[in-house]
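Chemist:
See the structure below:
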């Protein structure tokens, strides 16, 4: 729909499936340079979460409308994002201070905080890479190891019936800042 609202549109990723075409960073940058584009808004999801796309824009001299590549990379790592929240004084649910490497660490956490717990992929997002665990820790850990490869998982206390609270921030460099309480605009959960 967004391309239909634009003054101009260009085909990138010809012959590729839609998602793959949308992620052809080199073609997007080349097209933007060819048409003297000043700035790129990455949309939602996909490229908006890719620090390599923000870096490619910056290297090409194109303004990336979104967070810096460094901030995106840090927030993409859920363990680092959690630590940043703690350092900023944000209350977080109990969790491991870093990735775990064994089921025994999850068991120790559960002994201290109770069950259920949730195993989360450090680089997961969009609700993927999470598994609620009641008591079969070893099985869940081995499944997670197989699915995520590097074992970068962390543990948090599972919150029953949580309320999703999300705040979006929109700023123009250091000149102005607007906050939008998204969960109320979407009706919450």
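Residue numbers (UniProt numbering): 1 to 189.
For glycine and all other residues, C-beta sits at the position ideal for the given N, C-alpha and C.
Is the stretch 43-58 touching the stretch 67-84, taking contact as three or more C-beta pairs under 8 Å?
Modeler: Yes, the stretch 43-58 touches the stretch 67-84.
Chemist: Cutting at 8 Å between CB atoms, please list the residues of its own chain near residue 99, excluding the five before and the five after it.
Modeler: These residues qualify, in order along the chain: 79, 122, 151, 152, 153, 154.
Chemist: So which of 39, 14, 119 has the shortest CA-CA distance to residue 27?
Modeler: Looking at the Cα atoms, 14 is the closest of the given residues.
Chemist: Taking just the CA atoms, how far does residue 95 sit from residue 105?
Modeler: C-alpha separation (whole angstroms): 11 Å.
Chemist: Would you mind stating whether residue 41 and residue 65 have Cβ atoms separated by less than 7 Å?
Modeler: Taking 7 Å as the Cβ cut-off, residue 41 and residue 65 qualify as a contacting pair.
Chemist: Mind reading off the beta-carbon distance from residue 89 to residue 115? Whole number of angstroms is fine, and I expect it under 8 Å.
Modeler: With 8 Å as the limit, residue 89 and residue 115 do not qualify as a contact, their Cβ atoms being about 28 Å apart.
Chemist: Near residue 46, which residues of its chain fall below 8 Å by C-beta distance, leaving aside the five closest residues on each side in sequence?
Modeler: Within the same chain, residue 46 has close Cβ partners 19, 22, 23.
Chemist: Which runs of the beta strand (DSSP E), 3 residues or longer, sit entirely within the stretch 54-85?
Modeler: Fully enclosed beta strand (DSSP E) runs of 3 or longer: not present.
Chemist: Specify, as a first and last residue, the run of the beta strand (DSSP E) that residue 191 falls within.
Modeler: Outside the shown range of the chain, which is 1 to 189, sits residue 191, and nothing can be said about it.
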